[in-house]
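Colleague:
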Amino acid sequence: MPKIKKVASNTILLYIRMLFVMGVSLFTSRINIQALGLEDYGLFNIVAGIIGLVTFLNSALGTSSSRFITITLGRGDISDSKLLFSTIYKVHFLLGVIVMFIAEIIGIYLVNEVLSIPANRLFACNVIFQCSIVIMFINLINIPMTASIIAHERFNIFAYIGIYEVIAKLLSSYLLFVWLYDKLILWGVLNLLISISLCVFYLLYGKKRFDEFSIKEGFDKVIARQITSFSFWNLLGSLSIALKNSGVNIVLNIFFGPLVNAANAIAYQVNNAITNFSANFTTAINPQIFKTFAQGKYQETETLVHWGGKLSFLLVAILGLPLILEIEYVLNIWLKEYPVYTPTFCKLIIILSWIESFNYSIGTAIQASGKIKAYQLIVSGLSLFNLPLTYCAFKLGANSFVALEIAIGISIITLIARIFFIKKILGFSRVFYLKNVLGSSFLMIVTALLICLFMQSNMEKSLSRFIFISFLSTICNLLFFYLFIDKEYKTQIKSMLIKRIKRI
52 MPKIKKVASN TILLYIRMLF VMGVSLFTSR INIQALGLED YGLFNIVAGI IGLVTFLNSA
112 LGTSSSRFIT ITLGRGDISD SKLLFSTIYK VHFLLGVIVM FIAEIIGIYL VNEVLSIPAN
172 RLFACNVIFQ CSIVIMFINL INIPMTASII AHERFNIFAY IGIYEVIAKL LSSYLLFVWL
232 YDKLILWGVL NLLISISLCV FYLLYGKKRF DEFSIKEGFD KVIARQITSF SFWNLLGSLS
292 IALKNSGVNI VLNIFFGPLV NAANAIAYQV NNAITNFSAN FTTAINPQIF KTFAQGKYQE
352 TETLVHWGGK LSFLLVAILG LPLILEIEYV LNIWLKEYPV YTPTFCKLII ILSWIESFNY
412 SIGTAIQASG KIKAYQLIVS GLSLFNLPLT YCAFKLGANS FVALEIAIGI SIITLIARIF
472 FIKKILGFSR VFYLKNVLGS SFLMIVTALL ICLFMQSNME KSLSRFIFIS FLSTICNLLF
532 FYLFIDKEYK TQIKSMLIKR IKRI
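The sequence shown begins at 52 in the numbering used here and counts up by one.
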């Protein structure tokens, strides 16, 4: 299994960070809801989320920057890397200024004229919006720096940054209880200060540790055109994600008000916990996909894509299955108070995360190939239907859950499209992917679900039942993952386990 050892060590480091970050983040959400109240919590998420409509540039540029920096470093040319980094940084800074201007025009209109916001909270929401714009700009200029950290595979730095960020937000949450004035405004300002501190750290660390880290090496128009041209096609994908998340959240506010936004925000908090469980693995495997493809080792790339899909699904299944079965109990323990629609939102978004877990390694390999035009036109074009279909459904009287049901349906269609491009762009076998990645994953989750449902039906709701179902889900998913995979993969896993046991 090529490169798997390095991926595994990087993944373990990221998981140590993830477990800490996830635990503190979930506790922080509980503190925020208690301090702000459900309505203000919903308002913060909808207003801050408006920025998502104009920050699709962040994701597109982030993907492009990571690709160019990783591939250039993989070739070992430091002088090219310096010029590349300097150009990328200046492109991000310029676009950040443009995006801030666009955000001001669109956002102020939405906050003051479109969204369902109580009159006495308008001033606070406008302050939150201005803080969010500055945070967006900071996040945009951070992209080249985080791309360099990923390219160098310095995942210990991500661990430290993640731990600092969640602790800072937890301490900020406690400040809300002693603040005598508007808590919503304070929360926005504190988030801004945390973002500024992270930006300062990235600048200082990158300048000290990375040879290519320089913003004084000039500006190469050819490189800038290559990056913006490559990013243009990624814009479709990023725009479709922004409309699915932030756009649909705005539509939910218009039709159902801030309490449904609060339920949606809680569901996305659960989703973040689950997807982070697999995102750490994909973050670790992505540089290896880029580097093996750049070196012409296409068989190794295909193996990494298969393992990326299978293991990403396994990781979200382990965490997601017990949550689907026990979500009401978990919400009662975690939050105590939550909107009535929250459990259904959570269950649907977990199913969505299962489907989308297959997307990441395929997308990374296609990004590595550079042949993204047709891929983005088809896949992202289909994803763009999320917002208009949701709006039409609400106009016809559908309930708020339909937004996620539509997202699930479209996600299935786009996954089929991605599998089509595996062969067309990369030359990988569609049949092998369908059988050994999708097929085995489907059998694994269905079998584990049936066993867990049977055991759950014979137990009373309690902490012991939740712990037992979580343990059973983990064992079942791991067991059936092994049973339903290809014989070649079983041999590789056996070999790895035997080596580990001999070392002990």
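Ideal Cβ positions, reconstructed from N, Cα and C, are used throughout, including at glycine.
Let me check understanding here. Comparing Cα to Cα, which of C527, K512 and L166 lies closest to C503?
Modeller: Stepping through the sequence shown from its first residue, residue 503 is reached at position 452. The shortest Cα separation from C503 among C527, K512 and L166 belongs to C527.
Colleague: So which of I384, E407, I378 and I402 has the shortest CA-CA distance to T393?
Modeller: Within the sequence shown, numbered from 1, the residue matching residue 393 stands at position 342. Among I384, E407, I378 and I402, the Cα nearest to that of T393 belongs to I378.
Colleague: Under 8 Å between C-beta atoms, does R516 make it to chain C?
Modeller: Any reference to chain C falls outside this structure, which holds one protein chain only.
Colleague: Just to confirm my understanding: we take I402, look at its own chain, exclude 5 residues before and 5 after, and list those with CB closer than 7 Å. What are they?
Modeller: In the sequence shown, the residue the question calls residue 402 occupies position 351. Same-chain partners within the cutoff: I459.
Colleague: What separation, rounded to the nearest whole angstrom, lies between the Cα atoms of A324 and T415?
Modeller: The sequence position of residue 324 within the sequence shown is 273, counting from 1. The sequence position of residue 415 within the sequence shown is 364, counting from 1. Going by the C-alpha atoms only, they are around 22 Å apart.
Colleague: In this structure, does DSSP put A275 in helix, strand or coil?
Modeller: Within the sequence shown, numbered from 1, the residue matching residue 275 stands at position 224. DSSP places A275 in helix when its eight states are reduced to three.
Colleague: Taking 8 Å as the threshold (C-beta atoms), are I168 and L94 in contact?
Modeller: Your numbering for residue 94 matches position 43 in the sequence shown. Your numbering for residue 168 matches position 117 in the sequence shown. Yes, they are a contact pair.
Colleague: So, for F228: in the same chain, excluding its five sequence neighbours on each side, which residues have a beta-carbon less than 7 Å away from its beta-carbon?
Modeller: As a position in the sequence shown, residue 228 is number 177, starting the count at 1. Excluding sequence neighbours, F228 sits near A86.
Colleague: Would DSSP call N96 helix, strand or coil?
Modeller: Residue numbering aside, residue 96 sits at position 45 when the sequence shown is read from its first letter. Reduced to three states, the DSSP call for N96 is helix.
Colleague: Looking only at its chain, what residues have a beta carbon closer than 7 Å to the beta carbon of F71, apart from the 5 residues adjacent to it on each side?
Modeller: For the purposes of this step, residue 71 is identified with residue 20 of the sequence shown, where counting begins at 1. So the list reads I214, once near-sequence residues are dropped.
Colleague: Three or more C-beta pairs under 8 Å: does that hold for the region 438-448 against the region 350-357?
Modeller: Cβ pair count under 8 Å is below three, so no.
Colleague: What does a CB cutoff of less than 7 Å around V185 pick up in its chain, not counting 5 residues either side in sequence?
Modeller: Here residue 185 corresponds to residue number 134 of the sequence shown, with the count starting at 1. L243, listed in sequence order.
Colleague: Okay, do the region 402-413 and the region 382-393 touch, 3+ Cβ pairs below 8 Å being the bar?
Modeller: No, they do not touch.
Colleague: For a test of the three-state rule: what should DSSP assign to N509, helix, strand or coil?
Modeller: As a working note, residue 509 is residue 458 in the sequence shown. It is coil, neither helix nor strand.
Colleague: Once the 5 residues before and after Q559 are set aside, which same chain residues still bring their CB inside 6 Å of it?
Modeller: Outside the shown range of the chain, which is 52 to 555, sits residue 559, and nothing can be said about it.
Colleague: So, helix, strand or coil for K486, using DSSP?
Modeller: Locating residue 486 in the sequence shown gives position 435, where the first residue counts as 1. Reduced to three states, the DSSP call for K486 is helix.
Colleague: Rounded to the nearest angstrom, how far is the Cβ of L455 from that of I274, given a contact under 8 Å?
Modeller: Residue mapping note: residue 455 aligns to position 404 of the sequence shown, counting from 1. Residue mapping note: residue 274 aligns to position 223 of the sequence shown, counting from 1. That belief does not hold up - the Cβ atoms of L455 and I274 are roughly 40 Å apart, past 8 Å.
Colleague: Output needed for N556: all residues of its chain with C-beta closer than 8 Å, excluding positions within five of it in sequence on either side, in chain order.
Modeller: Residue 556 cannot be examined here, being either before or after the span of the chain that is shown, 52 to 555.
Colleague: Count the CB pairs spanning the region 370-377 and the region 492-510 that are closer than 8 Å, and state whether there are at least three.
Modeller: Cβ pair count under 8 Å is three or more, so yes.
Colleague: Where P53 and F471 are concerned, what is the direct C-alpha to C-alpha distance, given to the nearest angstrom?
Modeller: In the sequence shown, the residue the question calls residue 53 occupies position 2. In the sequence shown, the residue the question calls residue 471 occupies position 420. With a pLDDT of only 48 at P53, under the threshold of 50, the placement of this residue in the model should not be trusted; the figure read from the coordinates follows. Spanning the two alpha carbons is a distance of roughly 25 Å.
Colleague: Smallest Cα separation from K220: which of Y389, S248 and N315?
Modeller: Mapped onto the sequence shown, residue 220 falls at position 169. Here the closest residue by C-alpha is S248.
Colleague: Does DSSP put I559 in a helix, a strand or coil?
Modeller: Since the first and last residues shown for the chain are 52 and 555, residue 559 lies out of range.
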